[in-house]
Each structure stands twice: as C-alpha cells, then as structure tokens.
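Structure first, then comments.
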C-alpha cells in the first residue's frame, strides 16, 4: 500500500495532502484521543489507503460501525478490500456526510477521525465540513484531526471551542494531532 500512496500523493496532492502515510504512532494517538474503544458510530474523513482505518477497526467494539469518506477512487478500491463487515466505504466528499449517515442508518457520530488536508481547502470549505461534523456528533464525543502545521487551529476553535494539540514527531513529516470534545 505504501508505494501506491506515494504515487497518489504525487498525482493528487491537493486531495491527498501528503506523499507519506500516517505512521502507526500517529494512528494510535488519534485512535486514543478519539476514544474509539467506547464509540458505536465512528466517522473517518479522508481515509487515504487505510493507514489509520486499520487502527480504528482494531480498537472498535465488535458491534460498532465505521463509515469512511474518501474522494480518491484508487484509495477507495483498496479500502473496499478490507475484510470487515463493520466498515462502510463512501467514495464522496465529507460535505455530504449527513446524507450518507441517513442512508446507512448512522444516528450520530460518537467519534470523528479526520485526515482531510484542510490546509489545501479554503476557510469556508473547512468551516462547512467542521460544522457538519459538529452537527452529527453527540455531546461528549471527540473530533480528532491530523495536521502538519497549526495554521488552521483558530478555525477549529471557532467551531468547537477549546482545541487541544499533541505533537507526534514519529511521523514523516512530524504531525500535530488536534482534538476537541463537543460540549
């Protein structure tokens, strides 16, 4: 999966956002901050080739469900090969997450894990997606996002209020994990 990720990252940098997969250190940190082990309905946005997805699936309860959004067709092909009936792969933008949640009978999101390259999007596009996430999250649930800079932190604060940051140097490039709890 690694070489394919680099190839897709180079060809479609705006939608992929990087040319390297998230490390297992980043993935584990995101899963922990999102409190996946306690969640029943989980959203993953910008799943890429599944580097974080597999860690989410490993941490999920047996009766939990994971809906992932990915716009890259090649990544979606790879994601659909993951043999787990708790997984729903949506080949579409996260801007339409409410439609798909209704279609697949996802009543709420207990956790949202995102690797969407928000730095590549306008503030308006980012805020629209973040507000949609907040709208479907239940009180007390977590939104967790990977970033390679803190350029958009104020945008997360505008939508979620308090946003905490963890730095993970064991990633290429080193990453910031931003996380917020819906009140």
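Numbering (this note's numbering), first residue to last: 4 to 186. The C-beta atom is built at its ideal place from N, Cα and C for all residues, glycine as well.
Asked	Found
Under the three-state DSSP convention, the category residue 155 falls into	coil
Integer-rounded CB distance, given that residue 74 should sit under 8 Å from residue 171	About 25 Å separates the two Cβ atoms, so there is no contact after all.
Any alpha helix (DSSP H) of 4 or more consecutive residues that is wholly inside the stretch 63–131	76–83 and 100–106
Burial state of residue 53 (16 or more Cβ within 10 Å)	buried
Residue 55 versus 41, 142, 86 and 82, residue with shortest Cα-Cα distance	82
Pair within 9 Å by beta-carbon distance, residue 185 and residue 152	no
Neighbour-count burial assignment, residue 49, 16 or more Cβ in a 10 Å radius	buried
Cβ distance (whole Å) where residue 100 is taken to contact residue 133 below 8 Å	Not confirmed; about 11 Å, so no contact.
Distance between residue 59 and residue 43 (C-alpha atoms, nearest Å)	12 Å
Local Cβ density within 10 Å of residue 182, reported as buried at 16 or more and exposed below that	buried
Which of helix, strand or coil DSSP assigns to residue 145	strand
Local conformation of residue 168 per DSSP, three classes	strand
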